[in-house]
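Note sheet for the following structure.
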Amino acid sequence: PNSYKSIPTTLLGRLAIDNRFQKQGIGKLLLVDALKRSYEISKSIGSFAVVVDPIDEDAVRFYDKYGFIKLPDSGKMFLPMNTIKGLFE
39 PNSYKSIPTT LLGRLAIDNR FQKQGIGKLL LVDALKRSYE ISKSIGSFAV VVDPIDEDAV
99 RFYDKYGFIK LPDSGKMFLP MNTIKGLFE
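All letters in the sequence shown, in the order written, are residues 39 to 127 by my numbering.
Printed below as a string of structure tokens:
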């Protein structure tokens with residue numbers, strides 16, 4: 039897609055929790071793990087940010103809670119790698 043051509047990013051394709059296990063902190067644990075892995079690999083491949091494409095407003099609120107920034111023209115959200123770096127160093 040055109041939205042991925044200009045800046046190298048890491049796409050977090052799917053992050054979901056079965057309804058039976060929501061509201062137990064599992065989503066946060068999965069997100070932190072994905073961000074850490076993305077940060078570690080960015081040291082080798084170069085990546086400006088992690089990008090997500092929230093499926094609904096609940097997902098937007100989830101990512102917003104962790105500092106993701108909305109891209110106004112696409113519905114996608116991103117978290118700069120420098121922000122992620124600050125979490126792990």
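By construction, the Cβ of each residue, glycine as well, lies at the ideal position given by its N, Cα and C atoms.
| Query | Result |
| --- | --- |
| Going by CA-CA distance only, name the one from Tyr101, Lys103, Tyr77 that's closest to Lys123. | Tyr77 |
| With DSSP as the reference, please indicate the residues paired to Met115 in a beta bridge. | Val90, Lys108 |
| Roughly how far, in whole angstroms, is the beta-carbon of Ser6 from the beta-carbon of Met119, given that I think they are within contact range, below 8 Å? | Outside the modelled stretch of the chain, which goes from 39 to 127, sits residue 6, for which no answer is possible. |
| Using only the alpha-carbon positions, how far apart do Pro110 and Asp91 sit? | 12 Å |
| Rounded to whole angstroms, what's the CA-CA distance from Asp71 to Gly113? Just pull it up for me. | 23 Å |
| Of the residues Lys108, Tyr104, Glu95, which one's Cα is nearest the Cα of Leu68? | Tyr104 |
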